[in-house]
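Below you'll find the structure, written out as structure tokens, and then a few comments.
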Amino acid sequence: MAVVTRSRDRGQLILVAGLTVAVILVVLVLLLNTVIYTENLATRGIDSGAGDAIEYRSTVVGSVGELIERENERHDEGRPPTDGVETGIEEIDGTLSERHLERGTIAEIRSSQIQTDESSPRIWQNDSGAFTDAAGGAGWTVMTEVTGFERFVMTATPDEYTENSEPFRIDIGGWSMEIEVIEVEVQDEEGNTVIEERIVVTVEGEELSIYEYGYEEAPLRIDLVEGSIETDGGSEDNDVETPTPGGGELRYTNGDRVVGTFELHATGTASESDLTEYDGGSGGDPYYTYPVESVDLGIHYETSELRFATEETIVPEGEP
């Protein structure tokens, strides 16, 4: 009988041990599922927050890039490009920060540094006047070195004819243009000889080119990039020899012999000593300023579950 009892006790122990192991395995499986579920929820929350942060960064970069392009083009409309970009970044930051703050998120542009491109000056005279320098000098250097043109347009009306007067002259390296008024004898409708004033534009390239217009057709609109001259009277020439800058200087001579406006976008070096640095004010033509080349931004995005910070260098579209 004793042997039978020991065998029965051993069987009960094995059964209890098996049940215990089974319970432990079930508990372990439940715990593992709970951990996996919790991690999935946490990961999903982080992924969602990271997506929002990346979207915020993308919005900032795109908005500031468009801002730089816009302000570089409107440099002469009331404020320099640097001021326009600085103000615009503050407006972008304020709008986006307020929008995210409503959702309990801190989204900020925490730093910005603007870089200008001093190899691409913008030089212009908006108010019609003599083509003299900032101090009123009639012979002066606009750029000490010109390596290329993006835009060079002027409207010009030369002074009336004066005997022995010198023409207004532009020199760019070995290229030159002169604008003056001459007197010519012409026959009127009745066959009488009369004196008329004519505007003569002389361009020196491989060959000498002379363009003549009636004085009443002024002002002339001269585009030295497109190679065209248009007049207020409707005359038009589209084959004007254009300058090919190769590092020479751009100089005006007898700038007091012509009245008008001009706008120049070039690569090279502006003659800052003969120009007025543009500060958004009025007066002081001719002006110079430099376009914004890039902006360095510190972007910050923070929620209760995520902190995201990055440094970005933003350049206008089309720039390297």
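Each position in the sequence shown, counted from 1, maps to that position plus 109 in my numbering.
Cβ coordinates follow ideal geometry from the N, Cα and C atoms, glycine included.
Fair warning: this is a prediction, and the values are worked out from it, not measured in the lab.
- Assignment of D161 by DSSP, reduced to helix, strand and coil, places it in the helix class.
- The Cβ atoms of I223 and V251 lie no closer than 8 Å to each other.
- Assignment of beta-bridge partners to T362 by DSSP yields R278.
- For D405, the enclosing beta strand (DSSP E) stretches over residues 401-411.
- CA-CA distance, S337 to V349, rounds to 6 Å.
- Distances from the alpha-carbon of T376 to those of E259, I133, P276, H209 put E259 closest.
- Our two residues, E386 and S228, have alpha carbons roughly 15 Å apart in a direct line.
- Taking the Cα positions, V424 is about 37 Å away from G364.
- By the criterion of a C-beta distance shorter than 8 Å, G343 is surrounded in its chain by E326, once the five residues flanking it on both sides are discounted.
- Between the C-alpha atoms of S221 and G355 there is a straight-line separation of about 36 Å.
- The alpha-carbon of E306 is positioned some 38 Å away from that of T398.
- Ranked by Cα distance from T378, the first of V262, G257, F277 is G257.
- By the C-beta density criterion, D236 is exposed, having fewer than 16 other C-beta atoms within 10 angstroms.
- Between G357 and T266, the C-beta gap is not smaller than 8 Å, which leaves the two residues out of contact.
- Here DSSP, grouped into helix, strand and coil, assigns E195 to helix.
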